[in-house]
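When you line the sequence shown up against mature numbering (1 follows the signal peptide of the UniProt record, and there is no 0), it's residues -18 to -1, 1 to 222, in that order. The beta carbon of each residue, even a glycine, is placed where N, CA and C say it ideally should be. Just so it is clear, the structure is predicted and the values come from calculations on it, not from any experiment.
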Amino acid sequence: MFTDIFLIFYLTLHICESIDHNPPVIVEQPQDILAELDKPMALHCRAEASSLDDLRVNWYKDGQLVTMDPNARIITEFMALHVINTMPQDAGNYYCLAENSYGRVQSRTARVQFIKLDKEFPIFPISTSASLGERIRLRCEPPPGSPTPNVYWIKNGKNLSLSLDHYDLVLPSIQPTDFGAYRCIASNGLVRQSPVAYVTEFQRPKISIHPSTSRIDIERGRSIDFQCQIENVNNDDQYQ
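Right under this line is the structure:
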C-alpha cells in the first residue's frame, strides 16, 4: 500500500517537473509587413511557458538586439514590438526570441518593407465622346511607387475585368453599355485613383432654331442680326 502511494507521488512529481522544465513555445508568429513611412507599425509575437515569471521575450532586427528608444519611438508591449513613427532604417528582417531557464525558441523571420506611391498620375484618362462601334483607348500611367503598383480600372465604381494594353484600357467597339465614368486605379498597399473620365455617346450637332426666312428690307450700311441655335455642340467645333 505504502509502495503504491509512493509510486503515484513519484510519477505525479516527475510529470509536473517535466511540464515545468520546458522551454517556451511560440504560439503567434510575426508576419511580413508593408509599412508606410512616418506611420505607426507593430510586429506581433506571443510565447507561452509554464511560468510567465521566468519568461523573457526580446526582438532582433537583422540579427541585432532591438534596444528600446530613449524617446519611446520603439517600445515593446505584451511581447509585441511597436514603432511609433517609422523611419527608413526600420526596414529589415525581424524575429522574436523567447527564453526561460530551460531553453529558448526563435520565431519565424518577418520582413518589413516600406511602401511608397506618389499621388499624381503622369498620364491619366480624359473624357471623350464616341460613336457606336468606334474604338477608343483610355490612357493611364500609374504614379511612381515601391513596390511597383498594380493597375486596374473601375467603371461607375465597379471593378472591370477587361484585359489591359500595358496600363491603357481599350474598348474595341463601343456599345451603349460602355458609356459611363471611368477611373484608373494604382495599388501597391497604398491606393491612388486617377481623375474620372466620362465616356459619352457622340451626337451630331443639329440646328434647333433656324434663321428667319422672311424677307427683310434694310438700308445699305446698317447691321442686322440673324438668330440660330445649335444643339450638341463640341467646344472644338467651328461653324459659319
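I need the straight-line Cα distance from residue i to residue j, nearest angstrom please.
i           : j           : result
residue 42  : residue 19  : 20 Å
residue 30  : residue 50  : 23 Å
residue 87  : residue 56  : 23 Å
residue 144 : residue 118 : 14 Å
residue 183 : residue 140 : 20 Å
residue 157 : residue 71  : 52 Å
residue 95  : residue 153 : 37 Å
residue 46  : residue 34  : 24 Å
residue 136 : residue 112 : 19 Å
residue 90  : residue 9   : 11 Å
residue 23  : residue 7   : 24 Å
residue 21  : residue 53  : 16 Å
residue 131 : residue 80  : 37 Å
residue 209 : residue 103 : 44 Å
residue 58  : residue 170 : 28 Å
residue 187 : residue 211 : 10 Å
residue 105 : residue 138 : 20 Å
residue 100 : residue 37  : 44 Å
residue 146 : residue 16  : 26 Å
Please list, in chain order, all residues of the same chain as residue i whose beta carbon is under 7 Å from its beta carbon, the five residues on each side excluded.
i           : result
residue 3   : 84
residue 73  : 94, 95, 96
residue 128 : 97, 98
residue 161 : 181, 182, 183
residue 116 : 156
DSSP three-state call for residue i: helix, strand or coil?
i           : result
residue 95  : strand
residue 13  : coil
residue 175 : strand
residue 209 : coil
residue 144 : coil
residue -2  : Model confidence at residue -2 stands at a pLDDT of 47, short of 50, so the residue's coordinates are unreliable and nothing is read from them.
residue 108 : coil
residue 51  : coil
residue 100 : coil
residue 71  : helix
residue 34  : helix
residue 160 : helix
residue 78  : strand
residue 122 : coil
residue 185 : coil
Identify which residue in the options has its Cα closest to the Cα of residue i.
i           : options          : result
residue 109 : 128, 180, 66     : 180
residue 176 : 123, 5, 112, 92  : 123
residue 150 : 17, 160, 16, 133 : 133
residue 126 : 198, 12, 173     : 173
residue 163 : 38, 66, 142      : 142
residue 64  : 130, 38, 12      : 12
residue 44  : 75, 204, 38      : 75
residue 120 : 69, 178, 61, 198 : 178
residue 28  : 48, 16, 60       : 60
For residue i, which residues of its own chain have a beta-carbon under 6 Å away from its beta-carbon, when the five flanking residues on both sides are left out?
i          : result
residue 14 : 92, 93
residue 77 : 42, 88, 89, 91
residue 62 : 24, 26
Any heavy atom of the ligand GDP closer than 6 Å to the Cβ of residue i?
i           : result
residue 148 : You won't find the ligand GDP in this model; it holds no ligand whatsoever.
Could you pull out every residue in the same chain whose Cβ sits closer than 8 Å to the Cβ of residue i, ignoring the five residues on either side in sequence?
i           : result
residue 167 : 133, 134, 135, 136, 173, 174, 175, 176
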